[in-house]
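Position 72 (the sequence shown) corresponds to 71 in numbering that gives the first Met the number 0; numbering is contiguous. To keep things clear, I will list the structure first and then write my remarks on it.
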Amino acid sequence: MNSATLPTRVVLLTGPSGSGKSSLAARTGLPVLRLDDFYKEGDDPTLPLVAGSSDIDWDSVRSWDADAAVAAVAELCRTGRTTVPVYSIATSSRVDSEALDIRRTPVFLAEGIFAADIVARCRELGVLADALCLRGRPSTTFRRRLMRDLREGRKSVTFLLRRGWRLMRAERAIVGRQTALGAYPCAKAEALGRIAAAAAGQYVRPRTGKAARVTRSAHTESSPTATSHP
0 MNSATLPTRV
10 VLLTGPSGSG
20 KSSLAARTGL
30 PVLRLDDFYK
40 EGDDPTLPLV
50 AGSSDIDWDS
60 VRSWDADAAV
70 AAVAELCRTG
80 RTTVPVYSIA
90 TSSRVDSEAL
100 DIRRTPVFLA
110 EGIFAADIVA
120 RCRELGVLAD
130 ALCLRGRPST
140 TFRRRLMRDL
150 REGRKSVTFL
160 LRRGWRLMRA
170 ERAIVGRQTA
180 LGAYPCAKAE
190 ALGRIAAAAA
200 GQYVRPRTGK
210 AARVTRSAHT
220 ESSPTATSHP
């Protein structure tokens, strides 16, 4: 697939569960592909378990269908539309499917905790505009995640507390892994600036000094600085 012939590219947005990916994506006004809808269903025999526990490890990329997610990204870039699953986190199942039409926008967002795991594949396909990892204070992420999960009744309180404590302790390692996979770590304000630049066909280099350098390049990929449900 030649990126020069593609009308649309994707900004991959990742970060720890509760880091604010969905709210930031909504602020941009761009079409959004929810990568968390590509979770495997709860009865899938390939689902991994948390070590030393009977809990399913929804923070492992093995709980997620990366092939289906990449196929949806590629189809959106090629045709501007695709069919995506509608996933219920409370029941760990796909309850429906729906059409997603991005109307030939030059850039759309694909957000989820496993977005960094498809950076290399999107780059190889020539559809990557940028890849970003939201980062912040682990304690803030813990509170935001727990309030959201309790409000939405995603899982039992015991499960959510167990998972939340585990993720808070692992948050810096999670960001480090996502960064190593090619997602540029940043706070929300910088992420919004890079997304705006991508939508304008610009390439924003990672910060190396007091300011980022911006160059015009409609088809140049960014070079970012070298895991229960979301």
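Glycine included, each C-beta is placed from N, C-alpha and C at the ideal position.
*Ordered list of beta strand (DSSP E) runs contained in the segment 7-86, each at least 3 residues*: 8-13, 31-33
*asked:* Just to confirm before moving on: does the CB-CB distance between Ala50 and Ala115 stay below 9 Å?
replied: Here residue 50 refers to the residue found at position 51 of the sequence shown. Here residue 115 refers to the residue found at position 116 of the sequence shown. No. Outside cutoff.
_Residues in the same chain with beta-carbon distance under 6 Å from Gly14, minus the five sequence neighbours each way, listed in chain order, please._
Your numbering for residue 14 matches position 15 in the sequence shown. Contacts found: Lys20, Cys132, Leu133.
_Taking contact to mean 3 or more Cβ pairs, one atom from each stretch, closer than 8 Å, check whether the segment 60-77 and the segment 17-36 are in contact._
yes
*How should Glu170 be labelled, buried or exposed, when 16 other C-beta atoms within 10 angstroms of its C-beta is the threshold for buried?*
Here residue 170 corresponds to residue number 171 of the sequence shown, with the count starting at 1. Glu170 should be labelled buried.
_N- and C-terminal bounds of the alpha helix (DSSP H) containing Ala197_ = Translated into positions along the sequence shown, residue 197 becomes position 198. Taken as a continuous stretch (DSSP letters only), the alpha helix (DSSP H) holding Ala197 covers 187-198.
*Shortest alpha-carbon distance to Lys154 belongs to which of Trp57, Asp42, Val9?*
Start at 1 with the first residue of the sequence shown, and residue 154 comes out as number 155. Of the candidates Trp57, Asp42, Val9, the one whose C-alpha sits nearest the C-alpha of Lys154 is Trp57.
_DSSP three-state label for Ala182, please._
To locate residue 182, count along the sequence shown from 1; it is residue 183. In this structure, Ala182 counts as coil in the three-state DSSP scheme.
_Run of the alpha helix (DSSP H) containing Ala119, from where it starts to where it stops_ = On the sequence shown, residue 119 is found 120 positions in, with the first residue counted as 1. Start and end: 118-124.
*Check Phe107 in the structure and name its three-state DSSP category.*
On the sequence shown, residue 107 is found 108 positions in, with the first residue counted as 1. The answer is strand: DSSP assigns Phe107 an E or B state.
*Distance, Cα to Cα, Ser196 vs Phe113?*
Counting from 1 along the sequence shown, the entry for residue 196 is found at position 197. Counting from 1 along the sequence shown, the entry for residue 113 is found at position 114. First, the amino acid is wrong: residue 196 is Ala here, not Ser. The straight-line gap from Cα to Cα measures roughly 23 Å.
*Which of helix, strand or coil does DSSP assign to Ala115?*
Counting from one through the sequence shown, the residue named residue 115 turns up at place 116. In this structure, Ala115 counts as helix in the three-state DSSP scheme.
_Three-state class that DSSP yields for Ala232 in the structure shown_ = Nothing about residue 232 can be read from this structure; the chain reaches only from 0 to 229.
*If you draw a straight line from the C-alpha of Leu12 to the C-alpha of Arg144, how long is it?*
As a position in the sequence shown, residue 12 is number 13, starting the count at 1. As a position in the sequence shown, residue 144 is number 145, starting the count at 1. Their Cα atoms are separated by approximately 17 Å.
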